[in-house]
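*Asks:* Provided herewith is a single structure, encoded as structure tokens, for subsequent inquiry.
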Amino acid sequence: MNNECSVVQDLLPLYYENMVSKETAEFVEGHLRSCPDCASELEKLKIEQSIGETSLAERTNDAEMITGMKKKIRKKKWTAVTVIVACILIVCILIYQFPVYRLLMVCGKLSYYNSDEVAMLVSIGSLSDRIEAQSVLRQADAAFQDCKHTDAECNELYGVLSRYATASDLYENATSVNYSLELWSAHLGDTEGYIWVYYSEEAIDSNGDTVSASSQCEALWKMEKNEDGVWEVVSIREHP
Numbered sequence: 199m200n201n202e203c204s205v206v207q208d209l210l211p212l213y214y215e216n217m218v219s220k221e222t223a224e225f226v227e228g229h230l231r232s233c234p235d236c237a238s239e240l241e242k243l244k245i246e247q248s249i250g251e252t253s254l255a256e257r258t259n260d261a262e263m264i265t266g267m268k269k270k271i272r273k274k275k276w277t278a279v280t281v282i283v284a285c286i287l288i289v290c291i292l293i294y295q296f297p298v299y300r301l302l303m304v305c306g307k308l309s310y311y312n313s314d315e316v317a318m319l320v321s322i323g324s325l326s327d328r329i330e331a332q333s334v335l336r337q338a339d340a341a342f343q344d345c346k347h348t349d350a351e352c353n354e355l356y357g358v359l360s361r362y363a364t365a366s367d368l369y370e371n372a373t374s375v376n377y378s379l380e381l382w383s384a385h386l387g388d389t390e391g392y393i394w395v396y397y398s399e400e401a402i403d404s405n406g407d408t409v410s411a412s413s414q415c416e417a418l419w420k421m422e423k424n425e426d427g428v429w430e431v432v433s434i435r436e437h438p
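And the structure:
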């Protein structure tokens, strides 16, 4: 290889990429016409560049394909997660709206109630009915907490709900009451309706000893609106 060949072959990559001046390109082309070896080197360079470009294109296509597959997998994954979450929410809503598990809580007492009463137990009722029932629950809260009034006074204050008060003349030692009261369902019409409640209560004396107690009791309260349009409990059905 003479010096001119050495120079031309060093220039071939730049010549191939059109990165040389016009004069240099003319010099390389004139040499290639008269030098088969350098012309052969140019052909090899073209082949190598072609292979490299093909390989790059293939790698690019592979990368794009992998990226596309990952996107599809992520989309399917999020779709599956969305479906699962939606199903869980639907199940939770159904369980909340129709808590049929409560039948198990009172399974030994179901024969005491008729089918309509049991049906009201497994549906919590509408939101508006539950909101309206809160006024009655506040009346019941007052009765449950009361251990200061006599039985007659409790009857005067709370009516039918006085059964949940701890009358001072019947439980003289009672000084306070711990209780829980939960609204299970509310089904109200224009002037009358029913609510299911679940409660526990414990009256204690000054020493912390239990005076009376009821634990995990369910009750069905029949309600009517009085002349002032206020809901009142008029009767209570509760398993003995």
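Position in the sequence shown (from 1) plus 198 gives the number in the numbering used here. The beta carbon of each residue, even a glycine, is placed where N, CA and C say it ideally should be.
1) Report back the beta-carbon spacing between residue 366 and residue 347 to the nearest angstrom; my notes put them in contact at under 8 Å.
2) Opposite residue 371 in the DSSP bridges: which residues?
3) Put residue 290 into one of helix, strand or coil per three-state DSSP.
4) Would residue 430 and residue 422 qualify as a contact pair, given that the criterion is a beta-carbon distance under 8 Å?
5) Note down the Cα distance separating residue 333 from residue 397, rounded to an integer number of angstroms.
6) Start and end of the alpha helix (DSSP H) containing residue 326?
7) Once DSSP output is grouped into helix, strand and coil, what is the label at residue 354?
8) Taking only the alpha-carbon atoms, compute the straight-line gap between residue 400 and residue 324 and give it to the nearest angstrom.
9) For residue 415, which three-state DSSP category applies?
10) Report the residue from 418, 204, 427 and 424 whose alpha carbon sits nearest the alpha carbon of residue 317.
11) Kindly indicate which three-state DSSP category residue 421 falls into: helix, strand or coil?
12) Apart from the five residues on each side of it in sequence, which residues of its chain come closer than 6 Å, Cβ to Cβ, to residue 412?
13) Using DSSP with H/G/I as helix, E/B as strand and the rest coil, what is residue 226?
14) Determine, for residue 228, whether the minimum Cβ-Cβ distance to residues of chain B falls below 8 Å.
15) Take the Cβ of residue 206 as the centre, count every other Cβ of all protein chains shown within 10 Å, and call the residue buried at 16 or more, exposed below.
16) Here's the rule I'm using: 16 or more other beta-carbon atoms within 10 Å means buried, otherwise exposed. How should residue 301 be labelled?
17) Figure out for me which residue from 426, 378 and 409 has the closest Cα to the Cα of residue 369.
18) Can you check whether the CB of residue 338 is closer than 8 Å to the CB of residue 379?
19) Apart from the five residues on each side of it in sequence, which residues of its chain come closer than 7 Å, Cβ to Cβ, to residue 359?
20) Taking C-alpha atoms, which residue in 394, 293, 386 and 286 lies nearest to residue 304?
21) Short of 8 Å in beta carbon distance, which residues of its chain neighbour residue 315, apart from the five on each side in sequence? Order them along the chain.
22) Do you know how far the Cα of residue 221 is from the Cα of residue 271?
23) Can you check whether the CB of residue 403 is closer than 8 Å to the CB of residue 372?
24) Could you give the distance in angstroms between the alpha-carbon of residue 433 and the alpha-carbon of residue 284?
25) What does the Cβ neighbour count give for residue 290, buried or exposed, with the cut at 16 atoms within 10 Å?
*Replies:* Judging by the given coordinates:
1) 6 Å
2) Answer by DSSP bridge pairing: none, since residue 371 is not bridged.
3) helix
4) yes
5) 17 Å
6) 325-343
7) helix
8) 31 Å
9) strand
10) 418
11) strand
12) 399
13) helix
14) The structure shown contains no chain B; it is built from a single protein chain.
15) buried
16) exposed
17) 409
18) yes
19) 337, 338, 341 and 431
20) 394
21) 392, 418 and 435
22) 56 Å
23) yes
24) 41 Å
25) exposed
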